[in-house]
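Heads up: the sequence shown begins at -19 in this note's numbering, then just goes up one per residue.
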Amino acid sequence: MSEHKVALVTGAKQGIGRAIALALAKDGFDVAINCRGEQSAAAGREVAAACMQYGVDADCFLADVSDFEACAAMVKRVATKWGRIDVLVNNAGITRDGLIARMSEEQYDAVIASNQKSVYNMMRQVVPLMMKQRDGRIINITSVAGVYGNAGQFNYSASKAAVIGMTKSAAKELGGRNITVNAIAPGFVDTDMTGKLPDKAKAAILERISLGRTGKPEDIAAAVAFLAGPGAAYITGQVLCVDGGIVM
Ligand code: NAP
C-alpha cells in the first residue's frame, strides 16, 4: 500500500494530461500515467520521470481507454502496484471535426469511443475500489463545446455533453460513499489538439475570450489539483469552466 494518495490520469503523455500529472505529483500524489499504446510509452515514461522529481512514485500504464477490457486490466495493474486509487482524472480525448452534413460514421464513432465510452470504461473499474475505500475524487475533462455547442464539432460536443450528464448522475449516486465527481470544461488551450486548427478559426475563438489570451495546460491542471485537494471536499456534481471567460 502506498504511503501517498494515488492518482490515475488518462491520456497523460502530453498536453493537458501531462500538466495534470505534474500538478498532482507536486501535490504529493503517486501518479499513474495512462498512454494509449506502445508508441506512446517513451513519452509516458518521461512524464513519469518528471513526476518523480517531486519525490513521489509514478509509472506509465498502457491502455486504449476506448477498450473496456484494456481499462479493466490497467486499473488492476495500478491497484496492484499501489493498493488504492484516490483520484481518477478522465482526460484522454480526441477530435475528428467536420460538418454534420459530411460527417462519416467512423468520425462520429471514434470520438464517442475515446471521449465518452472511455469515461464509462474507467469509472466502471475505479468506482468499486473507491466505494470500498469510502473516499475518492473523480474529475472528468469535458469542454465548453459540451456546454454551449460548437459548429463543426457535432461529434465532439455530443461526447463532452454526455460526460457532463455522466458526471452529475455519478455525483448523485456516489455522494453517500464520500466520492465527489466533477467536470472541468476547458475553453481554448494551447496543445497539439488545438494546434491543428486554422489561424482564422483561432482568431475567431480569441475574440470570444474575455481574458484576451488562450489557456495553458497549467491553467487546467491547477483547477484539477484544486478539485483533487482538501479544499474541494464539499464540491460535487459541478462543471467548472476554465476558459478565460468564454462561457458565462
Ligand atoms: P492532446 O494534446 O491531443 O492530448 C490528448 C491525449 O489523450 C493524447 O495523449 C492522446 O494519446 C490521449 N488519448 C486520446 N484518445 C485516447 C485513448 N483512446 N486511449 C488512451 N489515450 C488517448 O489534447 P489536449 O488538448 O491535451 O486534451 C486533453 C483533454 O482536454 C481532452 O479530453 C480534450 O477533449 C480536452 N479539451 C481540450 C481543449 C483544448 O483547447 N486543448 C479544450 C477543451 C477540452 P494519442 O496521442 O496516442 O492519441
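Idealized CB from N, CA, C, for every residue including glycine.
The three-state secondary structure of V127, taken from DSSP, is helix. According to DSSP, V11 shares a beta bridge with A(-13) and A38. In the structure shown, the three-state DSSP call for P197 is helix. In the pairwise beta carbon analysis, the segment 75 to 86 is classified as not touching the segment 105 to 116: fewer than three pairs are separated by under 8 Å. In this structure, the alpha-carbon of A50 lies about 31 Å from that of A213. DSSP places G78 in the strand class (E or B) of the three-state scheme. Annotation for D172 indicates a beta carbon within 7 Å of some heavy atom of ligand 1.
Classified as buried, L154 has 16 or more neighbouring CB atoms from the shown chains inside 10 Å of its CB.
Scanning its chain for C-beta atoms nearer than 7 Å, with the 5 sequence neighbours on each side dropped, one finds around A125 the residues Q133, Y136, S137 and K140, in chain order.
When the beta-carbon positions are compared, L207 and I215 come within less than 8 Å of each other.
Setting aside the 5 residues that flank it on each side, G(-5) is surrounded in the same chain by T171, D172, M173 and P197, each with a C-beta closer than 7 Å to its C-beta; the list follows chain order.
Taken in chain order, the complete beta strand (DSSP E) segments of 3 or more residues contained in the segment 128 to 210 are 159 to 166.
Within the same chain, and ignoring the five residues on either side of G225 in sequence, the residues whose Cβ sits closer than 7 Å to its Cβ are I189, S190 and L191. Taking C-beta separations shorter than 6 Å and ignoring five residues to either side along the sequence, the partners of I118 in its chain run L68 and V161, following chain order. Excluding residues up to 5 positions away in sequence, G63 lie with their Cβ nearer than 6 Å to the Cβ of M(-19) in the same chain. The beta carbon of A150 is closer than 6 Å to those of V161 in its chain, skipping five residues each way along the sequence. If you compare the alpha carbons of D39, H(-16), L(-12) and Y88 with that of V106, the shortest gap goes to L(-12). With a cut-off of 7 Å, the C-beta of G132 is classified as distant from ligand 1, since no heavy atom of the ligand falls inside that distance.
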